[in-house]
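If you're matching positions, the sequence shown starts at 6 in my numbering and goes up one per residue. Each residue gets a CB set at the ideal place from its N, CA and C atoms; glycine is no exception. Contents: one structure, followed by commentary.
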Amino acid sequence: PFAVRQGRKIIKENEIDAIFVTCPPHSAAVIGAVLKRLTRRPLVLDFRDDWVDTPWQAERPAFVRWINKWLERFAVSSASKVVLVTPVSHAAFEKRYPRQKDKMVYIPNGVDLADYAYLDNAPPPTFDGKFTIVHAGLLTVAADWNRDPKAFFQALVNIRQAHPEIGDDMRMVFTGELPPEYKAYVTEMGLEGMVEEAGYLPRPEFATLLRNADLLLTINYAGFSTLIPGKIYEYWAVSGPPIMLLSEPGAAHQLIQQYKLGVALKQDDTPGIQQAIMEYYQQRADGQPVRITRDGIDNFARAKLAEKLAGALDGLKFRS
């Protein structure tokens, strides 16, 4: 009630023309829907993450699932436009709300290419150091959001045991800091000599680390098939190392495969992870390191995506 009351006051005092809601939290979508009905302003719902198509939704009691589905339906029916960030989410919403397809708009996440433009003139990697795998960003541990690297760490252990000389020629670099739980994995598995923490880096140093790597790792949240990790776009913008995605099959797998950005595997597929790392390592050892290009990334440039959003907003019917 407080949020609705405050929102209504802001709309009136500032002569707001439209209501734009980004969620999660998905309660914001309900607040936006109520405000739309009270003020008659057009409502745009921007779903960064899905609401009912999530692993934790399936784990909740039947009554709670029913309430959430009803609330999502109420919010979507109130909206003038609904923005979805992956093709899988877009298709799921169109299937759930077939009579409201016209209001669904697919506008993906993306990247600001200007942040990486200076790499165009940077010297190419020399490939004369250790085979380097980099994971950018944090691996936050939370009850509902789990990105567990244990299967990946096990693949490194297997490689080192089967091929000690190759294990000695590899390193795994995490930017930022590993959570204590995952640091414990490293210690338990005896990977202290392979796994490094680079800390928090200035953007030029961060981008150079990515560009000079041999393989870039991203781990999606366990159980999610509709999400695409935002760091995939940053890795792609670097225009160099292939990407190893660990995720449930779905939207992120499709992106990797469509644009030939690397390899997509399930999070717990230790043999597949091990094999992929070894193949990339061997190709570099043979003098043919795998590199990817920026072909297609213009479709995900933030400037272009902003234009698409502006076009969706232009189609709204404002009060006269």
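query: Do you know how far the Cα of Arg46 is from the Cα of Ser325?; result: Low local confidence applies: a pLDDT of 47 at Ser325 is under 50, so the model's placement there is unreliable, and no value is given.
query: Which first and last residues belong to the alpha helix (DSSP H) in which Leu321 is found?; result: Run containing Leu321: none; DSSP gives neither H nor E here.
query: Secondary structure at Ala34, three-state DSSP: helix, strand or coil?; result: helix
query: So who's on the other strand from Ile15, going by DSSP bridges?; result: Partner(s): none; Ile15 has no beta bridge.
query: Measuring CB to CB, does Ala227 end up less than 7 Å from Asn151?; result: yes
query: Less than 7 Å between CB atoms is the rule here; does Ile164 satisfy it with respect to chain D?; result: Looking for chain D here will not work: only one protein chain is present.
query: Taking the beta strand (DSSP E) that Gly267 belongs to, which residues open and close that run?; result: Gly267 to Leu270
query: Going by the DSSP bridge assignment, what does Arg45 pair with across the sheet?; result: DSSP, once it has assigned bridges, lists no residue as partnering Arg45.
query: Could you tell me the distance, in whole angstroms, from the CA atom of Tyr111 to the CA atom of Val88?; result: 6 Å
query: Short check: CB of Thr180 to CB of Ala212, under 7 Å?; result: no
query: Nearest CA to the CA of Phe132: which residue from Lys322, Thr298 and Pro294?; result: Pro294
query: For the alpha helix (DSSP H) that Ile278 lies in, which residues bound it at each end?; result: Thr275 to Ala290
query: Less than 7 Å between C-beta atoms, sequence neighbours within five positions excluded: which residues of the same chain meet that for Tyr187?; result: Leu144 and Pro154
query: If you draw a straight line from the C-alpha of Glu182 to the C-alpha of Ala160, how long is it?; result: 21 Å
query: Using the Cα positions of Pro209 and Glu239, report the straight-line distance between them to the nearest angstrom.; result: 13 Å
query: Along the beta strand (DSSP E) that carries Gly204, what are the first and last residues, could you check?; result: Val200 to Gly204
query: According to DSSP, Leu250 sits in a beta bridge with which residue or residues?; result: Thr223 and Ala269
query: Ala147: which of Ile278, Tyr123, Pro184 and Ala317 sits nearest, CA to CA?; result: Pro184
query: Apply the 10 Å Cβ neighbour rule to Ile15 and answer buried if 16 or more other Cβ atoms are within range, or exposed otherwise.; result: exposed
query: Pull up the CB-CB distance for Ala84 and Lys108, whole angstroms please, since I reckon it's below 8 Å.; result: 6 Å
query: How many Å lie between Ala308 and Asn163 at the Cα?; result: 44 Å
query: Rounded to a whole number of angstroms, what is the C-alpha to C-alpha distance between Ala8 and Ile36?; result: 7 Å
query: If we call anything under 7 Å between Cβ atoms a contact, is Ala97 one with Asp51?; result: no
query: Give the DSSP bridge partners of Leu50, in chain order.; result: Val26 and Val87
query: For Cys28 and Trp61, I'd like the C-alpha separation in whole angstroms.; result: 16 Å
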